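Numbering (my numbering), first residue to last: -18 to 429. Virtual Cβ for every residue (Gly too), placed ideally from N, Cα, C. Values in this document were obtained by computation on a predicted structure and should not be read as measured data.
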């Protein structure tokens, strides 16, 4: 028996084009144009085609089970035989479809195309998960399905469908990691999670690692009540338990005690405060009109060729009009100085890689857009599930957009966005890796 599901989308498109060329579809098009045939909805053409294809497939499955085709004159010689059909309504991407499920006399037939107990076709589950990953709530999805395709699903059913990915999330969260990552970025976003009778703010900690080939990976997502050095120490321990034995540089915000917490897992790791976080902290108590001038005045500090030169630039800034007006900006750099100056020991190619946690900042920006639609999450697992689905959804959408523009001539602009994180290659990574090999020869050369 030929399985129609093995036909590729391109082959289906070719078949439709063939029918169009022969004029076989002209009568159908005329009825569609006249309004006699609807494409979707109850009684529509598309649901009708799905119904016909499924029922044909079910009959083929039963023929294989009985070892004879419908109408075979030899059927009376077989012990088991057809026994009519039973009605079953299944929800699909195009609406509810009423199917005639074939039966056999001894009740041994178990359909695979539409399994017993199944009330939805697989494509609908995929649609629901995609809508959920895009930021829609369970109630939003329920209303959207009822309004667009006429399918009524309870919130409990939709919740169960999205929960089906939890096993996959757990496997992803516990997957083995590489032994060595040259650079790891750590950051967190705030999500609202129900805790008993209250809804509280929790920190979703996210780690992004750059592997030896310069490819970025989201290493994990952890929900904790607060963001702190102790929590990040636990994150690093989790990464170590999953196989990470060495990290050259950890780029993070300037939390007090961060260095000590990370050193418990990777004693030789260099802790680098994110320069962008530092600039933001320096601007925290600055008038809006002075923020751009102050940020420009700070540039000579973090663009200095050496730590001594940076200290001289900090002194000049402190003595300037802006420095005197905003002493908290000066103090921000002074307090973070020991965590800031490792950055200055590296050449420009490497500085560009660890200058900022922008890789993870852009990811967090996209995730905040998804999570803001939620009033709150019922549990930590629900928050991790949505964040993971959102990352997959964003990456998948960008990949599809890039594929569409793959054949675009070079003279025409391509505006498809690149990888958000997963699969993205650090710009000028070869030069940066060369500088890392010079800075950490004993630790990196064995992995090259």
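Identify which residue in the options has its Cα closest to the Cα of residue i.
| i | options | result |
| --- | --- | --- |
| residue 155 | 195, 199, 400, 127 | 199 |
| residue 146 | 402, 124, 365, 186 | 365 |
| residue 177 | 167, 360, 420 | 360 |
| residue 251 | 151, 276, 166, 426 | 166 |
| residue 89 | 19, 267, 61, 415 | 61 |
| residue 270 | 414, 196, 303 | 303 |
| residue 351 | 368, 341, 335, 141 | 368 |
| residue 404 | 249, 186, 379, 423 | 379 |
| residue 197 | 341, 261, 244, 266 | 341 |
In angstroms with no decimal places, state the Cα-to-Cα distance between residue i and residue j.
| i | j | result |
| --- | --- | --- |
| residue 129 | residue 35 | 22 Å |
| residue 428 | residue 161 | 8 Å |
| residue 58 | residue 50 | 13 Å |
| residue 209 | residue 33 | 59 Å |
| residue -18 | residue 354 | In this prediction, residue -18 has a pLDDT of 38, which is less than 50 and means its spatial position is unreliable; nothing more can be read from the coordinates. |
| residue 387 | residue 396 | 11 Å |
| residue 30 | residue 94 | 15 Å |
| residue 239 | residue 232 | 11 Å |
| residue 332 | residue 169 | 22 Å |
| residue 277 | residue 346 | 24 Å |
| residue 279 | residue 289 | 15 Å |
| residue 433 | residue 163 | The question about residue 433 has no answer, for the chain in this structure spans -18 to 429. |
| residue 419 | residue 104 | 52 Å |
| residue 79 | residue 38 | 15 Å |
| residue 406 | residue 370 | 22 Å |
| residue 28 | residue 125 | 18 Å |
| residue 106 | residue 9 | 31 Å |
| residue 11 | residue 26 | 13 Å |
| residue 136 | residue 127 | 12 Å |
| residue 63 | residue 52 | 10 Å |
| residue 142 | residue 123 | 12 Å |
| residue 134 | residue 3 | 41 Å |
With the cut-off set at 7 Å, would you say residue i and residue j are in Cβ contact?
| i | j | result |
| --- | --- | --- |
| residue 246 | residue 218 | yes |
| residue 402 | residue 344 | yes |
| residue 421 | residue 229 | yes |
| residue 132 | residue 72 | yes |
| residue 70 | residue 77 | yes |
| residue 42 | residue 92 | yes |
| residue 184 | residue 214 | no |
| residue 400 | residue 173 | no |
| residue 314 | residue 253 | no |
| residue 286 | residue 416 | no |
Three CB pairs or more closer than 8 Å across the region 74 to 86 and the region 46 to 62: yes
Meets three-Cβ-pair contact criterion under 8 Å: the region 105 to 123 and the region 369 to 388: yes
Cβ contact check for the region 257 to 268 and the region 285 to 300: 3 or more pairs under 8 Å: no
The region 186 to 198 contacting the region 394 to 411, beta-carbon criterion three pairs below 8 Å: yes
Unbroken stretches of the beta strand (DSSP E), 3 residues or longer, contained in the region 184 to 218: 197 to 205
Completely contained alpha helix (DSSP H) runs for the region 229 to 265, where each covers 4 or more residues: 239 to 244, 256 to 263
Complete runs of the alpha helix (DSSP H) confined to the region 360 to 409 [at least 4 residues]: 361 to 385
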